[in-house]
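Engineer: My questions all concern the structure below.
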Amino acid sequence: MGRQPCCEKVGLKKGPWTAEEDKKLVNFILTNGQCCWRAVPKLAGLLRCGKSCRLRWTNYLRPDLKRGLLSKEEEKMVIDLHSQLGNRWSKIASHLPGRTDNEIKNYWNTHIKKKLRKMGIDPMTHKPLPSVPPDEPPQQAADAIDRGDSQKLDDEIETTTSQESLMRDMESLLETASATSPVHFCTDEVPLLQPHEFAAPSSEFQTPCTEWQESAYLCGNDLDFIYDEWESQRSVLEDHESWKFELF
DNA sequence: AAGCCAATCAACCGCCGTGAG
DNA sequence: ACTCACGGCGGTTGATTGGCT
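Going by the UniProt record's numbering, 117 is the number at position 117 of the first sequence; the sequence numbering is gapless.
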């Protein structure tokens, strides 16, 4: 006997969210806060699975989300945390305010993984990849020799040399990150947020709102209404304990 | 201009841990 | 102790976009 589906799938909409659906979801959550996700679509008038609503909110509509590529510092932190935690994206994301696990996972798979490999570092173990012995040129360089392609050969040598120096850079970078990171824990011991860490003073509470317009712009949808809603209902939110918990 | 391919990222799927009954 | 529903997580998929030929 299999598990019951999380919701009735018949007649539910799938695929990309429309601006109209976003509007409904945001309006509902701003008015009611986050309650039982299973009930959200019904109450908000959405033909979506509760899970889908939660995902849309946490990964895209939440007003405290940052947008755009990760900064150098964030990237360093992700690499460092990944070396300690592995693919525990939500744990990694919890150390990067405004970033979601999905975003970090995607960024890792599309950018960092590639970058580390290029530098001769195994992205899973964070150790040097099994390399070709120094006296044996890499295959591409060997091919260049075979073809007598001196320019290509120069390029390969240049690449190999810069890979070595990049790898040294990365090693020292990781050491620095480990030494300076405020995060100190072993693999199975992830610190929980203390109450003072998420109960933000009211001045900080406004920070997400200042970024909201830009987020709306960057995500391409017409989300000005969300910003307006957010502003107009902020006083309500400030009294809402669950919101404080979720946002900070 | 058109077709192809790779990169990107939002969204989905299915499993797992947890807590209530 | 057990079952079940729920939220959360990580892996994967697929639509879209941009670059190249």
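We put the beta carbon where it would ideally sit given N, CA and C, even for glycine.
Since we're looking at a predicted model, the values are computed, not measured.
For PRO16, which beta-bridge partners are listed by DSSP?
Structural biologist: Within the first sequence, residue 16 is the residue found at index 16, counting from 1. According to DSSP, PRO16 bridges with nothing at all.
Engineer: How big is the Cα-Cα spacing for TRP89 and CYS49?
Structural biologist: In the first sequence, residue 89 corresponds to position 89, counting from 1. In the first sequence, residue 49 corresponds to position 49, counting from 1. One C-alpha to the other measures close to 23 angstroms.
Engineer: Under the DSSP definition of a beta bridge, which residues are partnered with PRO128?
Structural biologist: Numbered from its first residue, the first sequence carries residue 128 at position 128. Looking at the DSSP assignment, PRO128 forms a beta bridge with ILE121.
Engineer: To the nearest angstrom, how far is the alpha carbon of LEU116 from that of VAL78?
Structural biologist: Your numbering for residue 116 matches position 116 in the first sequence. Your numbering for residue 78 matches position 78 in the first sequence. In a straight line, the C-alpha of LEU116 is about 12 angstroms away from that of VAL78.
Engineer: Compare the beta carbon distance of ARG56 and ASP22 with 9 angstroms and say whether it is the shorter of the two.
Structural biologist: Locating residue 56 in the first sequence gives position 56, where the first residue counts as 1. Locating residue 22 in the first sequence gives position 22, where the first residue counts as 1. Yes. Within cutoff.
Engineer: Distance, Cα to Cα, SER165 vs ARG99?
Structural biologist: On the first sequence, residue 165 is found 165 positions in, with the first residue counted as 1. On the first sequence, residue 99 is found 99 positions in, with the first residue counted as 1. Unreliable placement is indicated for SER165, whose pLDDT of 49 sits below 50; the coordinate value is still reported in the next sentence. Straight-line Cα distance between these residues: approximately 30 angstroms.
Engineer: For the putative contact between PRO41 and CYS53, defined by C-beta atoms under 8 angstroms, what is the C-beta separation to the nearest angstrom?
Structural biologist: For the purposes of this step, residue 41 is identified with residue 41 of the first sequence, where counting begins at 1. For the purposes of this step, residue 53 is identified with residue 53 of the first sequence, where counting begins at 1. Confirmed, Cβ separation roughly 6 angstroms.
Engineer: Got a sec? Which residues, its chain only, sit under 7 angstroms from THR58 by beta carbon, not counting five neighbours each side?
Structural biologist: Taking the first residue of the first sequence as 1, we reach residue 58 at position 58. So the list reads THR100, once near-sequence residues are dropped.
Engineer: In whole angstroms, what is the alpha-carbon distance linking ASP154 and MET119?
Structural biologist: Here the question's residue 154 lines up with position 154 in the first sequence. Here the question's residue 119 lines up with position 119 in the first sequence. Caution applies to ASP154, whose pLDDT of 38 falls short of 50 and renders its modelled position unreliable; the value that the coordinates give is listed next. ASP154 and MET119: Cα-Cα distance of roughly 18 angstroms.
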